[in-house]
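Just below is one structure, and these are the notes that go with it.
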Amino acid sequence: MPSNDVERIAAIEDPYQLLRVATERLNAAQQEVTELSRLRRRVIQELHAQGMSYAQIAKEAGLTRGRIHQIRHTGPAPEGAFFGQGTITLITPLKREARQARPVVAVEDVAAAKRLEDLARGFDLAVELEHVPLGGDVNLNRPNLVVICGPRLSTVMGELYERDPVLEWVKQDVWTLHDTRTDERYRSGSDDEPARPIDYAYLGRLPRPDGAGHVLVFTGIHPQGTLGVVRLLQTELAALWGQVADKPFSTVVSTEYEPESGEPVKVELASPLYRHEEG
1 MPSNDVERIA AIEDPYQLLR VATERLNAAQ QEVTELSRLR RRVIQELHAQ GMSYAQIAKE
61 AGLTRGRIHQ IRHTGPAPEG AFFGQGTITL ITPLKREARQ ARPVVAVEDV AAAKRLEDLA
121 RGFDLAVELE HVPLGGDVNL NRPNLVVICG PRLSTVMGEL YERDPVLEWV KQDVWTLHDT
181 RTDERYRSGS DDEPARPIDY AYLGRLPRPD GAGHVLVFTG IHPQGTLGVV RLLQTELAAL
241 WGQVADKPFS TVVSTEYEPE SGEPVKVELA SPLYRHEEG
């Protein structure tokens, strides 16, 4: 039997509107199928991790063992949900050009966004790109946001970071990250004399201002740290997902980089991975 949506769309008399609406509904349905497939793989992995055999899972779910194995090895990987579901919106900041005062995007932010976009699409997520405008006024009360921006360029983002119960940004002579539990302070090596090729970055998932969801945010003290976070996500996403899933958290990421290119050569967590619901 056709669904109510199909019947409604079929009744549209204007053929061009019918094509448009049918295409939109089909795209939405395909995203729904993708997320349901991801959810099935996630549940099977979680049940197996809890000690159930695949035969037991199949029996309880009313499926064959072969079907369980098929689901386990096909479809989008569960860790893609680290970024969100369906279509994620990836936001990078605009900055004021030094000479002509034009709005520009930093080269490193472009590289970070492109690499993250490719990573997300590899998990069958759709990606839309936006910019934090000059002045920093960005709407964070939306689902599936990934924002690459620090407090220096946006008061709105600064207020979001203040919702972190453990880590804080501190501006004195230079920007640093402060772990309030250990009292460790993370300062970029490029701000030392002599300079060292190491940078630190914030990575976390924080409550939206309206309290109706979360925002995934990250940024380096300097651009090299931002590229380091992307490298970490490219190589360690499954491990991060296993520890924090889609729950609120924060951590400091250390990036040693090649001085000439700024490309990461060693990336690791510098602080504990704090799960905020643990208090």
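Going by full-length UniProt numbering, the first residue of the sequence shown is number 1, and it counts up by one from there. Where a beta carbon is used, it is the ideal one built from N, C-alpha and C, also for glycine.
{"Check": "In three-state DSSP terms, what is Glu260?", "Outcome": "coil"}
{"Check": "Give the secondary structure of His214 by DSSP, where H, G and I count as helix, E and B as strand, and everything else as coil.", "Outcome": "strand"}
{"Check": "Measuring only the C-alpha atoms, how far is Glu159 from Ala49?", "Outcome": "38 Å"}
{"Check": "In this structure, does DSSP put Ser250 in helix, strand or coil?", "Outcome": "strand"}
{"Check": "On the CB-based measure, 16 or more other CB atoms within 10 Å of its CB, does Ser53 come out buried or exposed?", "Outcome": "exposed"}
{"Check": "Can you say whether Thr235 is buried or exposed, counting buried as having 16 or more other CB atoms within 10 angstroms of its CB?", "Outcome": "exposed"}
{"Check": "For the ligand FMN, any of its heavy atoms closer than 7 Å to the Cβ of Asn144?", "Outcome": "As far as ligands go, the structure on display features none, and thus does not contain the ligand FMN."}
{"Check": "From the DSSP output, in three-state form, read off Ile12 for me.", "Outcome": "coil"}
{"Check": "Cα-Cα, which of Ala113, Val21, Asp124, Arg231 is closest to Pro78?", "Outcome": "Asp124"}
{"Check": "Provide the residue(s) that pair with Arg163 in DSSP beta bridges, ordered along the chain.", "Outcome": "In the DSSP output, where bridge partners are listed per residue, Arg163 has none listed."}
{"Check": "Quick one: using the 10 Å Cβ neighbour count with 16 as the cut-off for buried, is Thr30 buried or exposed?", "Outcome": "Residue 30 is actually Gln in this sequence, not Thr. The residue in question, Gln30, is exposed, as its Cβ has fewer than 16 Cβ neighbours within 10 Å."}
{"Check": "Do you know how far the Cα of Arg208 is from the Cα of Phe83?", "Outcome": "15 Å"}
{"Check": "Determine the extent of the beta strand (DSSP E) in which Thr64 is found, giving its start and end residues.", "Outcome": "Premise fails: Thr64 is in no beta strand (DSSP E) and is neither H nor E."}
{"Check": "Run through DSSP, which three-state label would Asp179 get?", "Outcome": "strand"}
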